[in-house]
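Just so you know, we're using our numbering here: the sequence shown kicks off at 1055 and counts up by one. Just so it is clear, CB atoms sit at the ideal spot from N, CA and C, and this is done for glycine as well.
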Amino acid sequence: MGLLNSLKKLDAYPKLNEDFFTRTFTGGIITVVSSLVMILLFISELTLFLRLHTSNELNVDTSRGEKLQINVDIVFHHMGCATLSLDAMDVSGEQHLDVVTHIFKQRLDEHGMPKMNVEKEEKLGGEQLAPLILQNGSVLEKVSHPEEFCGSCFGAEETPDECCNTCEAVRSAYTRRGWAINDMASVPQCKNDDFRSKMRDQDGEGCNIYGYLEVNKVAGNFHFAPGKSFQQGHMHVHDLMPFESLLFNLSHTVNKLSFGADFPGVQNPMDKIVRIMEDVTGMYQYFVKVVPTVYRTARGRKIDTNQFSVTEHFKKSEGMGGTLPGVFVFYDLSPIKVNFTEERTPVLHFVTNLCAILGGVFTVSGIVDSFVYHGQKAIAKKSELGKLG
């Protein structure tokens, strides 16, 4: 009994007999208002507890030897698929000309609607022609044994026994020499070449090019430009001789451009941009700064990706020998890596905040109620004594 009596003396919450309670109208209003406030604050705190929070941290990017995936989806409104090529190159010297791997083209009509089934991108110039027998400059039937025939490269061969049995082979030989074929019709292997017919068939059409590139994780560029591309010495060149006009309308819409996988909250600044070319042709240049990014979800999943910023510039073309018309994306990588981590509010933190909210509102409402109650009593007493007013 002595221990129980000692514990009673430690009670910080002494109880009053209900006979000594005084309930007031203002006290009821304050109780209702404070209860509503506590409920709203509880819901707000619960929402914050259930919501994921993202923290970020900056570190030096120490990764090496990785690949960079570039996702692209771009629509050219007035350029046929047969006329466009996609090339990629980087500062390490690696080049990818007429990229066809993981890249697709969709022909569009003049209204921007798909014209035919999606086809994997063909190399510029169409399919290679089967070897042909040439006699007196005329094209005969396709041969069943091409090894029995050796077509002329018209002075562009590197070795005496080199053969050019197709139009594509003649083009490649001329490309190596840095020569241009001024009159394709004069080359027998090219008489059945359907590149020009494809350009005529696709006149007035548009083209949707989409897919992804895998390149070295170093600075570089990729671009969309008319004409077949080749390397001449240390120069990257596009053959524009087959085109009757050099006034290329490169109006385009970038549906999507990203470097790596998407993650929650990512914003790609080039998505949905539209550029319309009027009266002039030239080079659209996009200068991109890529920031390596790691996103870790609350469930432990790790997403290695990238963010980027972009500035742009348009350079007018001055005709043959001037600026190559096209859409160029020059990218460079930041040495800083951004780490995002999803986090949940700890349960103890939630309980602590909840107790602080409920206890604080209860205490403040008690102070307000006491102030109102004693103020009313003082006013009533003065009124009884006739001292009020």
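Do residue i and residue j have their C-beta atoms closer together than 9 Å?
i: Phe1368; j: Tyr1385; result: no
i: Leu1408; j: Ile1124; result: no
i: Phe1158; j: Gly1265; result: yes
i: Cys1218; j: Phe1208; result: yes
i: Lys1391; j: Ser1117; result: yes
i: Thr1399; j: Phe1103; result: yes
i: Asp1358; j: Thr1351; result: no
Within its chain, find whatever has a CB closer than 7 Å to the CB of residue i; leave out the 5 residues flanking it on each side and keep chain order.
i: Leu1301; result: Thr1335
i: Leu1378; result: Ala1279, His1292 and Met1337
i: Glu1111; result: Asn1393
i: Ser1206; result: Cys1218
i: His1199; result: For His1199, the pLDDT reaches just 41, beneath the cut-off of 50, and the residue's location in the model is therefore unreliable, although a value from the coordinates is still provided. Result list for His1199: empty, nothing under 7 Å.
i: Met1331; result: Asn1303, Leu1304 and Ser1305
Contact defined as beta carbons within less than 8 Å: I believe residue i pairs with residue j. What is the distance between those atoms, to the nearest angstrom?
i: Ala1142; j: Leu1304; result: Wrong, their Cβ atoms sit about 18 Å apart, outside the cutoff.
i: Lys1121; j: Asn1360; result: No, Lys1121 and Asn1360 are not in contact; Cβ-Cβ is about 12 Å, not under 8 Å.
i: His1132; j: Gly1260; result: 6 Å
i: Asp1144; j: Gly1274; result: 3 Å
i: Gln1321; j: Cys1135; result: Actually they do not touch by this definition, with Cβ atoms about 30 Å apart.
i: Ser1109; j: Glu1397; result: 6 Å
Taking residue i as the reference, give the member of the options with the closest Cα.
i: Tyr1349; options: Leu1387, Thr1377, Ile1327 and Thr1395; result: Thr1395
i: Thr1220; options: Gln1160, Lys1431, Pro1242 and Ser1146; result: Pro1242
i: Phe1404; options: Ser1060, Arg1105 and Leu1057; result: Arg1105
i: Asn1262; options: Glu1164, Val1145, Ile1411 and Thr1399; result: Glu1164
i: Asp1152; options: Phe1276, Asp1144, Asp1257 and Cys1244; result: Phe1276
i: Val1345; options: Thr1406, Leu1387 and Ser1098; result: Leu1387
i: Thr1085; options: Lys1356, Leu1061 and Asp1423; result: Asp1423
i: Leu1162; options: Glu1148, Val1154, Asp1144 and Ile1128; result: Ile1128
i: His1428; options: Asp1325, Asn1059, Val1154 and Thr1076; result: Thr1076
i: Gly1119; options: Leu1094, Ala1136 and Val1272; result: Val1272
i: His1290; options: Glu1212, Gly1147 and Lys1436; result: Gly1147
i: Thr1137; options: Gln1160, Val1126 and Thr1155; result: Gln1160
i: Gln1339; options: Arg1355, Asp1316 and His1306; result: His1306
i: Lys1156; options: Met1167, Ser1226 and Val1126; result: Checking the sequence, you will find His at residue 1156 rather than Lys. Among Met1167, Ser1226 and Val1126, the Cα nearest to that of His1156 is on Val1126.
i: Lys1169; options: Ile1330, Gly1258 and Met1331; result: Gly1258
i: Arg1329; options: Gly1380, Lys1343, Phe1317 and Pro1318; result: Gly1380
i: Val1401; options: Gly1354, Leu1439, Leu1100 and Gly1166; result: Leu1100
i: His1107; options: Asp1215, Pro1318, Pro1214 and Asn1059; result: Pro1318
Who does residue i pair with in a DSSP beta bridge?
i: Met1337; result: Lys1369 and Gly1380
i: Cys1261; result: Phe1130 and Arg1161
i: Asn1125; result: Tyr1266 and Ser1312
i: Lys1435; result: Partner(s): none; Lys1435 has no beta bridge.
i: Gln1361; result: Val1345
i: Asn1275; result: Met1143 and Phe1384
i: Thr1113; result: First, the amino acid is wrong: residue 1113 is Asn here, not Thr. In DSSP, Asn1113 forms a bridge with Lys1391.
Who are the near neighbours of residue i in its chain, counting only those whose CB is closer than 6 Å to its CB and skipping five residues on each side?
i: Phe1341; result: Thr1365 and Phe1384
i: Gly1011; result: No information on residue 1011 is available, as it lies outside the stretch 1055 to 1443 that the chain covers here.
i: Gln1149; result: Met1143
i: Val1308; result: Ile1128, Met1324 and Ile1327
i: Ser1192; result: Residue placement at Ser1192 is flagged as unreliable, the pLDDT there being 40, under the threshold of 50; a coordinate-derived value is accordingly withheld.
i: Phe1130; result: Gly1260, Cys1261 and His1306
i: Lys1356; result: Arg1350
i: Leu1061; result: none
i: Val1426; result: Thr1080
Which same chain residues, not among the five before or five after residue i, have their C-beta less than 8 Å away from its C-beta?
i: Met1092; result: Ile1411, Leu1412, Val1415 and Phe1416
i: Gly1056; result: none
i: Val1114; result: Pro1389, Ile1390 and Lys1391
i: Val1087; result: Ser1419
i: Glu1212; result: Ala1227 and Arg1230
i: Gln1430; result: Thr1078 and Thr1080
i: Gly1166; result: Val1129, His1131 and Gly1260
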